[in-house]
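One structure is given below, encoded as structure tokens.
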Amino acid sequence: MNAQATDLYHDDHDHHGPPPGLWRWVVTTNHKDIGTLYLWFSLIMFFIGGAMALVIRTELFQPGLQVVDPHFFNQMTTLHALVMIFGVVMPAFVGLANWMLPMMVGAPDMALPRMNNWSFWILPFGFGLMLSTLFMEGGGPSAGWTLYPPLSLQTGDALPFLIFSIHLLGVSSIMGAINIIATIMNLRAPGMTFMKMPLFVWTWFITAYLLIAVMPVLAGAVTMMLTDKYFGTSFFNAAGGGDPVMFQHIFWFFGHPEVYILILPSFGLVSEIIPTFSRKKLFGYSSMVYATASIAFLSFIVWAHHMFTVGMPLAGELFFMFTTMLIAVPTGVKVFNWVSTMWKGAMTFETPMLFALGFVIMFTIGGFSGLMLAMTPIDFQYHDTYFVVAHFHYVLVPGAIFGIIAGVYYWLPKWTGNYYDETLGKVHFWLSTIFVNILFFPMHFVGLAGMPRRIPDYSVQFTDFNQIATIGAFGFGFAQILFLVLIVKCIRGGEKATDQVWEGAEGLEWTVASPPPYHTFSPQPIVK
Amino acid sequence: MAEATQDHYYVPTAAKWPIVGSVALTLAVTGFALYLNGSGIGMKITVLGLILFIVMLFGWFGTVIRESESGTYRSWEDVSFRMGMSWFIFSEVMFFAAFFGALFYAREYSVPWLLGEGSGASTHTYLWNDYTEIWPTNGPGDLGESDFHMHWWPLPFLNTVILLTSGITVTWAHHAIKAQHRTQIVIGLFLTVFLGFLFVFLQGVEYVEAYHEGMKLNSGIYGSTFFMLTGFHGMHVTLGAIMLTVMLFRAMAGHFTAERHFAFEAAAWYWHFVDVVWLGLFIFVYIL
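Protein sequences, first through last, are from chains A and B.
Position 9 (the first sequence) corresponds to 9 in the working numbering; numbering is contiguous.
Position 226 (the second sequence) corresponds to 226 in the working numbering; numbering is contiguous.
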């Protein structure tokens, strides 16, 4: 303790580089180091979660049961979702935020650097707990990532481990979000007013509030589940006066804002990238900010559209239908702004721009199918079918994930100091885009025809489309290996990047060297 | 103490405590999960994890306190701490909101529906036709042993008075810090801590009484919401009282100047937060 105290007393560390060795990564308080940790963690989890998806798609290549037993199939659907949501998309966003927010607002680092370290270092432990359940008696959790009781209460030894891992991930997310808010509010450079902030900063700012508001609600929901199972409470037990549907309400009060947590930072990324490669200012900056805030607000009053078929009173069905459809308005504002930004722009199509364009088109497809699902009577037909699977995979894969990949390509030269292999990047984009549509588009058709989700077997008439989807899944999955190769190549060398990196890029992050020094913006720049 | 400047924000170099915290939390929850699954050594691992967690808290906060006392932080860093604490408290509010939500849902929807209200539910007709209990209730299955009603008089009312009084004493201590009256700070904080632990003790007395009457955690939705809400609140009061105890010791050690005493304020904010939650509990759990 004392040795450490003396180490911490002197604060003249600005000229120090990172300490040598692996221990650096364990004790680091540097936002760039922590951002790197988050991003690598996310990429590793992407391949783990992707492998689970391939198990699912392999089983679904043919009707009948051939590769895995149904119980293991259910574990795969459950863990694939949990890994992708909490282990891939969220950590990737936090990693990008860690790397870029301080550099975009002219801050010396994140506001609470030690807590920043803890936010990351809880994650590997949380996922260690979650994935260890696969090797336990009764297997991993298999009731779906939404964990609806009473089904989820039948989970074996895995249940408390799963619940505590969710608690840990929640603690990590809340601390990360608090850090982001404190950084944005307190550490902006002089002159960097709120309405001058880059949109990635704005979308993360709003996302951070969503995280702080709903992660504790998820913690509460799973805590009630824990006490229902092990301590005899009756929250979700009708015999005791509770209601299993109550879990769904509490869960989706978390779950719907969570959906926007998974997309808003990607909105921000795309809003950075499209102006750069259109060589124009973002069209409708302030309307983008207000649209993001509106989406965030609406996300709190739409949750029961996930539950249209549980038997809610009619007034509830109507209220949640109308509020949900209202979200199309601010989302439409965003899409129109992106398109208007490109209008008459001097556009070029480097890899980040390609992924951003893919995002705009395919996210919009996912948005439209969401609009269909928002209509209560129609949802009665679509609920729990592959149409829902197609919908949320369109917003999450060519939506959220494409946004993240676009952001990584956009800033990779800044991080590493080297340009990535543009040809390989373009190949990665085209393979990803073609295969992601082969993978998810047929799911619309089988879903509309009535194929239920989360079931390892299906009627023979769905075979053709399922086989196409499985081919798409393997193509998309293996295309991501190119991404890994490209990143490693870029880190190891390549054409030296300029500080500006992209001709049309604007913002403070392009005023520092590529790669940036270990500590940037101390003292802070003055923004005019 | 350096004047606030915008040119140098304090960024600590190496942080060794977070990883200790992660290991501690993981041990604590792994042990507890093993215990729930019937393993004999589970609780021992949990206790080990909790001890390590306490060591981490001492180490981490100790470092921060030493830095604070040596003048490392200026008003710029101070603002970050303030934001950290306020948004942490907001997250706690949302945690309680989940349990209050469960209470309101049970009272407004699930219990009335089990009683046959509304047009869609046939549970009452087919499963529990003779269920008539409105609130408090241990459900149509008559779970647990009894549906003894917790009364707001006398203990909970006394506890309300105690907690509100402690809110006054902690404010008194705050004014004393601003005026740098050491004796008043210590007395004010001591009274606050005393009232805090007295509250927890009386809450324990009430629990014993409830269990004696057969009103337990497993007494249907009433027992569930009552014990989970008041239980989590009691844990937070205990935590707040521990924070204020630390502040008491720090005040006795001569910490806190008239201008700079954020740690105290953070603990006081937390204390007011548990106070407000209690008022919600007193109204919605005990009176209504």
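We put the beta carbon where it would ideally sit given N, CA and C, even for glycine.
Separation of residue j from residue i, as counted between CA atoms
i: B:Arg66; j: B:Tyr73; result: 11 Å
i: B:Ala106; j: A:Lys280; result: 54 Å
i: B:Tyr270; j: B:Thr165; result: 15 Å
i: B:Leu115; j: B:Asp130; result: 9 Å
i: A:Met362; j: A:Phe440; result: 11 Å
i: B:Ala253; j: B:Met247; result: 10 Å
i: A:Phe429; j: A:Ile405; result: 9 Å
i: A:Ala374; j: A:Lys344; result: 35 Å
i: A:Thr348; j: A:Phe277; result: 6 Å
i: A:Thr463; j: A:Ile471; result: 12 Å
i: A:Asn337; j: A:Phe283; result: 5 Å
i: B:Lys299; j: A:Ser266; result: Given that chain B is displayed from residue 1 to residue 288, the structure contains no residue 299 of chain B and the question cannot be resolved.
i: A:Trp252; j: A:Phe235; result: 16 Å
i: B:Met56; j: B:Thr63; result: 10 Å
i: A:Glu422; j: B:Glu265; result: 54 Å
i: A:Thr36; j: A:Leu486; result: 16 Å
i: B:Leu127; j: B:Val208; result: 34 Å
i: B:Leu34; j: B:Met150; result: 34 Å
i: A:Tyr409; j: A:Leu484; result: 12 Å
i: A:Pro442; j: A:Phe402; result: 20 Å
i: B:Tyr211; j: B:Ile51; result: 30 Å
Within chain A, partners of residue i - CB distance below 9 Å
i: B:Ser75; result: Per Cβ cutoff of 9 Å: no residues; B:Ser75 is ~10 Å from chain A at best.
i: B:Thr132; result: The premise fails here: B:Thr132 is roughly 12 Å from chain A at the closest Cβ pair, so nothing lies under 9 Å.
i: B:Ala210; result: Correct list: empty, because the minimum Cβ distance to chain A is about 15 Å.
i: B:Thr46; result: The premise fails here: B:Thr46 is roughly 11 Å from chain A at the closest Cβ pair, so nothing lies under 9 Å.
Neighbourhood of residue i by C-beta distance below 7 Å, restricted to the same chain and skipping five residues each side
i: A:Ile206; result: Leu264, Thr292, Ala293, Ala296
i: A:Ala208; result: Ala177, Ile180, Ile181
i: B:Gln203; result: Asn159, Thr230, Gly234
Endpoints, alpha helix (DSSP H) assigned at residue i
i: A:Asn337; result: 328 to 342
i: B:Tyr126; result: 123 to 126
i: A:Gln381; result: 376 to 382
i: A:Gly241; result: Per DSSP, A:Gly241 belongs to no alpha helix (DSSP H) and is neither H nor E.
i: B:Met215; result: Segment: none, B:Met215 is in no alpha helix (DSSP H) and carries neither H nor E.
i: A:Thr77; result: 70 to 82
i: A:Thr470; result: 463 to 492
i: A:Asn117; result: 113 to 132
Cβ-based burial, residue i [other Cβ within 10 Å; buried from 16]
i: A:Asn74; result: buried
i: A:Val529; result: Only positions 1 to 528 of chain A appear in the structure, and residue 529 of chain A is not among them; the question remains open.
i: B:Trp153; result: exposed
i: A:Gly311; result: exposed
i: A:Ala469; result: buried
i: A:Ala400; result: buried
i: B:Gln180; result: exposed
i: A:Gly366; result: buried
i: B:Gly21; result: buried
i: A:Ala513; result: exposed
i: A:Tyr290; result: exposed
i: A:Asp14; result: With a pLDDT of 46 at A:Asp14, under the threshold of 50, the modelled position of this residue cannot be trusted; read the value that follows with caution. By the 10 Å Cβ count, A:Asp14 comes out exposed.
i: A:Asp243; result: buried
i: B:Val285; result: buried
i: A:Thr77; result: buried
i: A:Trp411; result: buried
Own chain partners of residue i with C-beta closer than 6 Å, once the 5 adjacent residues on each side are dropped
i: A:Gly50; result: Gly477
i: B:Phe262; result: Asp78, Phe81
i: A:Leu371; result: Ala328
i: B:Val170; result: Thr192, Ala268, Trp271
Neighbouring residues, chain B, relative to residue i (Cβ below 7 Å)
i: A:Met185; result: Met83
i: A:Asn117; result: Ala15, Pro18
i: A:His249; result: Tyr105
i: A:Trp40; result: The contacting residues do not exist; A:Trp40 stays about 17 Å from chain B at best.
i: A:Gly232; result: Leu217, Asn218
i: A:Trp539; result: Because chain A spans 1 through 528 in this model, residue 539 of chain A falls outside it and cannot be assessed.
i: A:Ala213; result: Met94
Cross-chain neighbours of residue i in chain B, by beta carbon under 8 Å
i: A:Ala221; result: Ala98
i: A:His167; result: Val29
i: A:Thr227; result: Leu217, Ser224, Met228
Neighbouring residues, chain B, relative to residue i (Cβ below 9 Å)
i: A:Leu129; result: Thr26, Val29, Thr30, Ala33
Contacts of residue i in chain A (Cβ-Cβ under 7 Å)
i: B:Phe88; result: Ile178
i: B:Leu114; result: Ala238, Gly241
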